[in-house]
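According to the working numbering, numbering within the sequence shown proceeds without interruption in unit steps and concludes at 1065.
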Amino acid sequence: MKSELLALCIKQLGIEVLTGVPDSTLKEFCDYINSEDTGLTHYTAPNEGSAVGIATGVYLSTGKPACVYMQNSGIGNAVNPITSIVSPEVYNIPMLFIVGYRGSPGLKDEPQHKFMGRITEKMFDCLEIEYEVIDSSISESKLKEIFDKIKNILSNKKQFSLIIKKDTFEKRANAAYTNSYKLNREYVISEIMKKITEKDLVVSTTGKISREVYEQNNRNQCFLTVGGMGHASMIAFGIAENSPNKRVICLDGDGAALMHLGNLAFIGSRGIGNLVHICLNNDAHESVGGMPTAAPNFKYAETAKVCGYSNIFVIQTADEFNNLMNDFNNLGKLTFIEIKVANESRDDLARPKESALDNAISFMNYINKEQTK
Ligand SMILES: Cc1ncc(C[n+]2csc(CCOP(=O)(O)OP(=O)(O)O)c2C)c(N)n1
């Protein structure tokens, strides 16, 4: 299916606004709406729940439904506004969902997608939202049939979800997302990992940051938060609070930090002394194709300062980074480091061979072993 065709079908429903969080399954479509003049107003949202909020506001102010796109993992973020705002039993807001189907039954996928993949259709059954699953075999006439049905459903003020399997979209030339930053994220991670001592624990965020951490040697000390985008910093906080003799390094992404920005306010207010929160900021969702976040240019370090973090660094040049590395093991207070990195990664990054459960077990064993030393 061509991305253009899907956008056209959406427009023909009278929809004028698209909002969501990018996803790798929807990459071609996300590239199209990010880089071409589609005639649709597009907002990348901080998280999928916020996208449902935007779409609700659009409907309330224009009487026209909006379209919310997301990876199926984002259904988790969207459930609350769907059940408590959008539902016919509350404000009855018509809405079209476009959902990337990671972990669809029968497809080999990463561990974090297995469970949500298995229950995605059941989630929509449970939410009482009609849906269709489509894949690359979809014909234009079948798509037209589905959209005729969607038109009816939306005009009856209901919601509909189009669940899209991997490789459904025709490939497009890669959109060129760049920023002006020079530091390479994998290099930055490898240098940080060289500084890690046996007293350090590392918690890394969802996506390629964790894959780049996995490429380093000290894996037993690392908890790779392979799913649950945006939650790594709170996991790091929970560990730091309960491991007073350790230093916890959180390797976060800007998109992830933005997804649950309240975490900064919470952590900053706790005055905890053994947490170093590093935000690898490329202004992008690099892991799923490099699309911009909801707020490129957002000032993460300044925000962390206002939130109460004690030590604040903004690193952009190689010199600044080298200076930081020289002092890295003397950082003694609640620290926030924003490192501006290029919007790039290599294609041949490894994926963890061990299961997610094995990662949790070896991480816990490492903590236990250290605690009894
Ligand atoms: C709730 C949720 N929504 C969307 C995704 C898909 N996803 C995985 S990684 C990622 C990008 C993360 O961006 P960022 O934290 O800035 O890190 P970067 O990839 O740029 O290093 C996205 C959108 C997801 N895993 N979970």
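A virtual CB, placed ideally from N, CA and C, is assigned to each residue, including glycine.
Which residues mark the beginning and the end of the alpha helix (DSSP H) in which Tyr812 is found?
Note on residue identity: the sequence assigns Thr, not Tyr, to residue 812. Start and end: Pro803 to Cys818.
Return the first residue and the last residue of the alpha helix (DSSP H) that Phe990 is part of.
Phe990 -> no alpha helix (DSSP H), and no H or E assigned at all.
How far does the beta strand (DSSP E) with Phe861 in it reach, from first residue to last?
No beta strand (DSSP E) holds Phe861; DSSP gives it neither H nor E.
Bridge-paired residues (DSSP) for Asp793:
Residue identity check: residue 793 is Tyr in the sequence provided, not Asp. Per DSSP, Lys857.
Is Arg877 near ligand 1, going by C-beta to nearest heavy atom under 8 Å?
Yes, the beta carbon of Arg877 sits closer than 8 Å to at least one heavy atom of ligand 1.
By the DSSP assignment, the alpha helix (DSSP H) with Ile1031 in it spans what residues?
It is not in any alpha helix (DSSP H) - Ile1031 instead sits in the beta strand (DSSP E) that spans Thr1027 to Lys1032.
Nearest by alpha-carbon distance to Lys886: which of Lys900, Ser896, Cys701 and Val905 is it?
Val905
The alpha helix (DSSP H) that contains Phe721, what's its start and end?
Element bounds for Phe721: Lys719 to Ser727.
Look at the alpha carbon of Arg1038 and the alpha carbon of Ile785, and state the distance between them as a whole number of angstroms.
42 Å
Which residues in the same chain have their Cβ closer than 7 Å to the Cβ of Leu700, if we skip the five residues on either side of it in sequence?
none
Would DSSP call Arg939 helix, strand or coil?
strand
Beta-carbon spacing of Thr985, Leu953 below 9 Å
no
Nearest-angstrom Cα separation, counted from Gly965 out to Glu824
50 Å
If contacts are defined as beta-carbon pairs under 8 Å, then Tyr992 and Asn973 qualify, I think. What distance do you get, rounded to the angstrom?
6 Å
What residue from Asn1051, Glu1036, Lys703 and Asn1014 has the CA that sits closest to Phe839's CA?
Lys703
Measure how close the beta-carbons of Thr717 and Arg810 come, nearest whole angstrom, since I'm counting them as under 8 Å.
Thr717 to Arg810, Cβ: 16 Å. No contact.
To test your reading of the DSSP string, which unbroken beta strand (DSSP E) runs of 3 or more residues are found completely within the stretch 892-944?
892-896 and 914-916
What ranges does the beta strand (DSSP E) occupy inside the stretch 721-767, keeping only unbroken runs of at least 3 residues that lie completely in it?
733-736 and 758-763
Taking the alpha helix (DSSP H) that Leu846 belongs to, which residues open and close that run?
Glu832 to Ser847
Below 8 Å, how does it come out for the stretch 936-946 and the stretch 851-864: are there three or more Cβ pairs, yes or no?
no
In this structure, how does DSSP classify Thr711 when only helix, strand and coil are distinguished?
Thr711 falls in the strand class under three-state DSSP.
Taking 8 Å as the cut-off, is the C-beta of Gln804 nearer than that to any heavy atom in ligand 1?
yes
Taking Ile1004 as part of the beta strand (DSSP E), name the residues at either end of that continuous run.
Asn1003 to Ile1007
Which listed residue (Glu1062, Cys999 and Lys863) has its alpha carbon closest to that of Gln913:
Glu1062
Please determine if the stretch 913-925 and the stretch 888-900 are in contact, where contact requires at least 3 C-beta pairs separated by less than 8 Å.
yes
Under the rule that 16 or more other beta-carbon atoms within 10 Å means buried, what is Asp1011, buried or exposed?
exposed
Boundaries (first-last residue) of the beta strand (DSSP E) holding Glu878:
Per DSSP, Glu878 belongs to no beta strand (DSSP E); it is in the alpha helix (DSSP H), Arg877 to Lys887.
Glu720 and Arg864 look like a contact to me (Cβ under 8 Å); what is the Cβ gap, rounded to whole Å?
5 Å
From the DSSP output, read off the bridge partner residues of Val1066.
Only positions 693 to 1065 of the chain appear in the structure, and residue 1066 is not among them; the question remains open.
Nearest-angstrom Cα separation, counted from Ile931 out to Asp715:
Counting only the Cα atoms, Ile931 lies some 29 Å from Asp715.
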